[in-house]
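Asks: One structure is given below, represented as structure tokens, and several questions about it will come after.
Number of protein chains: 2
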Amino acid sequence: MGVQGVVVLDRTSDADHNRTVITFAGEQGPVLEAAIRAARKASEVIDLNLHRGIHPRLGALDVLPFVPLDGSTMQDCIEMAHEAGRRIWNELGIPVYFYEAAALRPDRINLEDVRRGQFDVLRRAVLVDESTAPDVGGPALHPTAGAVIVGARKVLIAFNINLNTKDLTVAKDIARRIRASGGGFPGVKALGLPLLSRGVVQVSMNLTDFERTPVHIVYREVERLAALQGITVTESELIGLLPRKATEMAFTDALKLPGFDSQSVLENRIETLTCK
Amino acid sequence: MGVQGVVVLDRTSDADHNRTVITFAGEQGPVLEAAIRAARKASEVIDLNLHRGIHPRLGALDVLPFVPLDGSTMQDCIEMAHEAGRRIWNELGIPVYFYEAAALRPDRINLEDVRRGQFDVLRRAVLVDESTAPDVGGPALHPTAGAVIVGARKVLIAFNINLNTKDLTVAKDIARRIRASGGGFPGVKALGLPLLSRGVVQVSMNLTDFERTPVHIVYREVERLAALQGITVTESELIGLLPRKATEMAFTDALKLPGFDSQSVLENRIETLTCK
């Protein structure tokens, strides 16, 4: 059942990832309520002991990031994340880790650090190693729903590039070169994954700071690195939504238009001049 | 003095063209009134006998196109164009030609056909050749303000590409190859012009149907044709505004994102779901 005042902006699913990303927006109260209901529903229908997919995961509801949009701040989102974490443990009995701006420990800022080992390893580790204990609840993970990783962060672009090869080492090698942790682009997380259903490999990415590292720059580098091995890009995929500014940055670059900005767009100009 | 209910969306001027494009929007009545005032003001401050510029021109207010935006139709714009034409003649004594969707004769659909010869030739021609007589008023052009070419048309993208050469033949040759009248892209009008103040040449374009011939496709072809002669693009310029969809089409293409559309953009999705 929906929550009044919340709109579902997007839902993207993928068979190989066996994962669904749902994006919803609204005022803080209704969004928090919808998030709790989403956690409850996921825990009812997903048993991680039976779940298979190529994407790393720790929980039935795996990640719950709050993102400030028009009219709210990162601080609002941090407070919402902490409130959501308390409620998920109190009402659903699922322990919670906090990440990014909502992290309580510096070693949990990065999502991939929190998720390392995933459900299958962490469910045992938390019982013997205090350093992996959840931030709220636990220490044991929920037997079927694992744990929820709750955070506050800027808008993220989840973007995948498929390559016309079955050779997974190509995707893994490119992912390693472009990601921040390998000395690549700031704010880029990347994995090489096999898309078994399509017989190709994929560079699967999260861009956590698209204004610093624009999506078209990352695309071009992946294309270039692939070409060095005689491989081409089949197509790209966007998971969820992306901010308008990302399209405008790519447009400026593709057409060498230094004078172009958001206010060069007819509809944006009309909105600015008539709605505010 | 401004007209209530009309917002000026953009004003772009260029010294070499010696020309200013003003874009304004509003309800039909106020926009019509603002258009008449613009024609009057231009006729007061510009004397075509003294005016110099590299862009073809026939009138002090040279072109007055009405463009349907949200909530109005092309038929509305045709009627506004005809009403504006009558008023410009009756109130200002400046004769009018109608073009594109507002044209009364098939040989006047294309703006460049109407403007051929420009002020300097047409001011004499209309007196001896009935086929060049204005649609409203005249037949003599106004002695200093010429004639206004009034039309109704879809959104047009005015887009210039500067090349790092002083050789005007390069720009003229590329313009000839890409424009519709030379067998190039549908809906593309192009001229090769010298930008004396900057020491480069320019391919100056109007794209009258950007959904059929996208701006990024034209850019790429100009870049390719220039490269064949060892010349590169210095930069591009947008004159006035462009529709959001043009940026989204370029984004889809640049990133091989077949699934991308306007509703993949966060802000657009929120607007669609919350404002309508």
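Protein sequences, first through last, are from chains A and B. 207 is the number that our numbering gives to position 207 of the first sequence; each next residue is one higher, with no gaps. The number in our numbering is simply the position in the second sequence, starting from 1, with 1000 added. For each residue, glycine too, the CB sits at the ideal point set by N, CA and C.
(1) Residues in the segment 196-225 of chain A with C-beta within 8 angstroms of chain B's C-beta atoms, listed in sequence order?
(2) With DSSP as the reference, identify every bridge partner of A:Gly59, one or two as the case may be.
(3) Is DSSP giving A:Thr169 helix, strand or coil here?
(4) What residues from the segment 229-253 of chain A come within 7 angstroms of chain B, judged by C-beta to C-beta, listed N to C?
(5) Just to confirm my understanding: we take B:Leu1032, look at its own chain, exclude 5 residues before and 5 after, and list those with CB closer than 7 angstroms. What are they?
(6) Are the segment 1092-1099 of chain B and the segment 1147-1163 of chain B touching, with three or more C-beta to C-beta distances below 8 angstroms?
(7) Would you verify that the beta carbon of A:Lys189 is, or is not, closer than 7 angstroms to some beta carbon of chain B?
(8) Would A:Val88 and A:Ala39 qualify as a contact pair, given that the criterion is a beta-carbon distance under 7 angstroms?
(9) In three-state DSSP terms, what is A:Ala133?
(10) Would you call A:Ser13 buried or exposed, if buried means 16 or more other Cβ atoms sit within 10 Å of its Cβ?
(11) Over what stretch of residues does the beta strand (DSSP E) that includes A:Pro194 continue unbroken?
(12) What residues in its chain sit with their C-beta under 6 angstroms from that of A:Pro68, if we drop five residues either side in the sequence?
(13) Out of A:Val21, A:Ala25, A:Thr20 and A:Arg19, which one is the CA nearest neighbour of A:Gly5?
(14) Residues of the segment 256-274 of chain A in Cβ contact with chain B at a cutoff of 8 angstroms, in chain order, please.
(15) Taking a Cβ distance cut-off of 7 angstroms, strictly less, list which residues of the segment 10-37 of chain A are near chain B, in chain order.
(16) Anything in chain B within Cβ reach of A:Val155, meaning under 8 angstroms, just list it in chain order.
(17) Less than 7 angstroms between the beta carbons of A:Asn160 and A:Gln229, yes or no?
(18) Under 7 angstroms, Cβ to Cβ, is there at least one residue of chain A near B:Val1170?
(19) Only counting the same chain, and skipping five residues up and downstream in sequence, which positions put a Cβ closer than 6 angstroms to that of A:Leu195?
(20) Mind checking whether A:Val215 and A:Leu225 have CB atoms under 7 angstroms apart?
(21) Starting from the C-beta of B:Phe1066, find all residues in its chain whose C-beta is less than 6 angstroms away, skip the five residues before and the five after it, and write them out in chain order.
(22) Kindly indicate which three-state DSSP category A:Ala158 falls into: helix, strand or coil?
(23) To the nearest angstrom, how far is the alpha carbon of A:Gly138 from that of A:Ser264?
(24) Given B:Pro1056, which residues of its chain have a CB within under 7 angstroms of its CB, disregarding the five upstream and five downstream residues?
(25) Looking only at its own chain, which residues have a Cβ that is under 8 angstroms from the Cβ of B:Leu1241, when we skip the five neighbours before and after it?
(26) Ordered along the chain, which non-local residues of its own chain (more than five positions away) have a Cβ less than 6 angstroms from that of A:Arg124?
(27) Chain A beta carbons: is any one of them nearer than 7 angstroms to that of B:Val1063?
(28) Which residues does DSSP pair with B:Leu1238 in a beta bridge?
(29) With a cut-off of 7 angstroms, does the C-beta of B:Val1007 fall near any C-beta of chain A?
(30) At 4 residues or longer, what runs of the alpha helix (DSSP H) sit wholly inside the segment 1052-1124 of chain B?
Replies: So, from the listed chains and residues:
(1) Val215, His216 and Tyr219
(2) Taking the first residue of the first sequence as position 1, residue 59 of chain A is located at position 59. DSSP output for A:Gly59 lists A:Gly146 as bridge partner(s).
(3) As a first step, residue 169 of chain A is located in the first sequence; it is residue number 169 there, counting from the start. DSSP places A:Thr169 in helix when its eight states are reduced to three.
(4) Val233, Glu235, Ser236, Glu237, Leu238, Leu241, Leu242, Pro243, Arg244, Thr247, Glu248, Ala250 and Phe251
(5) Residue 1032 of chain B sits at position 32 when you count from the first residue of the second sequence. Excluding sequence neighbours, B:Leu1032 sits near Met1080, Glu1083 and Ala1084.
(6) yes
(7) Sequence index remark: in the first sequence, residue 189 of chain A carries index 189 (1-based). Not closer than 7 angstroms to any Cβ of chain B, the Cβ of A:Lys189 fails to qualify, so no.
(8) Your numbering for residue 88 of chain A matches position 88 in the first sequence. Your numbering for residue 39 of chain A matches position 39 in the first sequence. The identity of residue 88 of chain A in the sequence shown is Ile, whereas the question assumes Val. Yes. Within cutoff.
(9) Walking along the first sequence from the start, residue 133 of chain A turns up at place 133. Correct three-state label for A:Ala133: coil.
(10) Within the first sequence, residue 13 of chain A is the residue found at index 13, counting from 1. Exposed is the call here.
(11) Stepping through the first sequence from its first residue, residue 194 of chain A is reached at position 194. It spans Val188 to Leu195 - the beta strand (DSSP E) in which A:Pro194 sits, taken as one unbroken run.
(12) Within the first sequence, residue 68 of chain A is the residue found at index 68, counting from 1. Cβ within range, chain order: Met74 and Cys77.
(13) Indexing the first sequence from 1 puts residue 5 of chain A at position 5. That would be A:Ala25, whose Cα lies nearest to the Cα of A:Gly5.
(14) Lys256, Leu257, Pro258, Gly259, Phe260, Ser264, Val265, Leu266, Glu267, Asn268, Arg269, Ile270, Leu273 and Thr274
(15) Asp10 and Ala25
(16) Position 155 of the first sequence, counted from the first residue, corresponds to residue 155 of chain A. Those within 8 angstroms of A:Val155 in chain B are Leu1266.
(17) For this step, residue 160 of chain A is matched to residue 160 along the first sequence. For this step, residue 229 of chain A is matched to residue 229 along the first sequence. Taking 7 angstroms as the Cβ cut-off, A:Asn160 and A:Gln229 do not qualify as a contacting pair.
(18) As a working note, residue 1170 of chain B is residue 170 in the second sequence. Not one chain A Cβ lies under 7 angstroms of B:Val1170.
(19) Within the first sequence, numbered from 1, the residue matching residue 195 of chain A stands at position 195. Asp16 and Gln202.
(20) In the first sequence, residue 215 of chain A corresponds to position 215, counting from 1. In the first sequence, residue 225 of chain A corresponds to position 225, counting from 1. Contact: no.
(21) Translated into positions along the second sequence, residue 1066 of chain B becomes position 66. If we look at B:Phe1066 and ignore the five residues flanking it on each side, its Cβ neighbours are Cys1077, Met1080, Ala1081 and Ala1152.
(22) As a working mapping, residue 158 of chain A is identified with position 158 in the first sequence. Strand at A:Ala158.
(23) Start at 1 with the first residue of the first sequence, and residue 138 of chain A comes out as number 138. Start at 1 with the first residue of the first sequence, and residue 264 of chain A comes out as number 264. Rounded to the nearest angstrom, the two C-alpha atoms are 52 angstroms apart.
(24) The count along the second sequence starts at 1 and reaches residue 1056 of chain B at position 56. Cβ within range, chain order: Arg1115 and Gln1118.
(25) Here residue 1241 of chain B is taken as the residue at index 241 of the second sequence, counted from 1. So the qualifying residues of the chain are Leu1009, Asp1010 and Thr1023.
(26) For the purposes of this step, residue 124 of chain A is taken as the residue at position 124 of the first sequence. Closer than 6 angstroms at Cβ, skipping near neighbours: no residue.
(27) Residue numbering aside, residue 1063 of chain B sits at position 63 when the second sequence is read from its first letter. No, B:Val1063 does not count as interfacial toward chain A.
(28) As a working note, residue 1238 of chain B is residue 238 in the second sequence. According to DSSP, which records beta bridges pairwise, B:Leu1238 is partnered with B:Phe1159.
(29) Taking the second sequence and counting its residues from 1, the one referred to as residue 1007 of chain B is at position 7. Yes - at least one Cβ of chain A is within 7 angstroms of the one on B:Val1007.
(30) 1074-1092 and 1111-1115
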